[in-house]
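Residue numbers (the working numbering), protein chains in the order written: chain A, 1 to 112; chain B, 113 to 223. For glycine and all other residues, C-beta sits at the position ideal for the given N, C-alpha and C. Report on one structure; see the data block that follows.
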């Protein structure tokens, strides 16, 4: 059974600081997704990572994937208040045929 | 990328009733997925809906409680039957095996 674990689950940051959210998964994966969710909203797709060593960046967010370590990171650079949201990683296992298994989510709060 | 719409966007229902949620995709897809997000929780896959075959349910979810239809390659419905307050959740659909996009969700409150 594929398991996906995120840490930390809660992250309180000051504006301008850097931090990293970690996503570990238990079995070989075909692809890994990062999503953002604002309160009461659906999921906004941030990144799709398809291969070992993949790195993608959008604004202050950068995601990477290490398939050998079964680890993905979401790095936040110089946080701003608008980044406050819940961030999920989700993994598509090799034999799961498109089904995504989600991490618990990381609630990020950025303070002035 | 596919555009996914859901109806209704939200509803408040009485205990014991049923609600059918619709998911429409603007392109043909083989696989559609239904997820549930209970308050303050992550997303859990309910079932996979393939056109022309029975839906495949994940552990803990049964067809009698969550019947699914998939009449064509662009549409699916999920019914939440005999509702109780524990069914209060956001229900989301996702289309396509490799697609990363979700529908806008249906926020269900059961009184």
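query: Endpoints, the beta strand (DSSP E) within which residue 178 of chain B is located; result: Run containing residue 178 of chain B: none; DSSP gives neither H nor E here.
query: Cβ pair count under 8 Å reaching 3, the segment 216 to 223 of chain B against the segment 113 to 124 of chain B; result: yes
query: is_contact[residue 213 of chain B, chain A] using C-beta, thresh 7 Å; result: yes
query: From A/96, A/90, A/78, residue whose alpha carbon lies closest to that of residue 154 of chain B; result: A/90
query: C-alpha gap between residue 165 of chain B and residue 85 of chain A, whole angstroms; result: 38 Å
query: Counted within 10 angstroms of its Cβ, other Cβ atoms place residue 211 of chain B as buried (16 or more) or exposed; result: buried
query: Assigned exposure category for residue 4 of chain A - 16 Cβ within 10 Å defines buried; result: buried
query: Closer than 7 Å to chain A by CB, residue 139 of chain B; result: no
query: Limits of the beta strand (DSSP E) - the one that residue 90 of chain A falls within; result: 85 to 93
query: is_contact[residue 144 of chain B, chain A] using C-beta, thresh 7 Å; result: no
query: Opening and closing residue of the beta strand (DSSP E) in which residue 56 of chain A lies; result: 55 to 58
query: Counterpart residues of residue 24 of chain A in DSSP-defined beta bridges; result: A/5, A/71
query: Minimum Cβ-Cβ distance from residue 155 of chain B to chain A less than 7 Å; result: yes
query: Residues that residue 115 of chain B bridges to, as DSSP identifies them; result: None; residue 115 of chain B has no bridge partner.
query: Contact set between residue 105 of chain A and chain B, taken where Cβ atoms lie within less than 7 Å; result: 154
query: Cβ contact check for the segment 60 to 79 of chain A and the segment 179 to 188 of chain B: 3 or more pairs under 8 Å; result: no
query: Partners in chain A for residue 216 of chain B, counting only beta-carbon separations shorter than 7 Å; result: 42
query: Residue 118 of chain B vs residue 215 of chain B beta-carbon contact at 7 Å; result: yes
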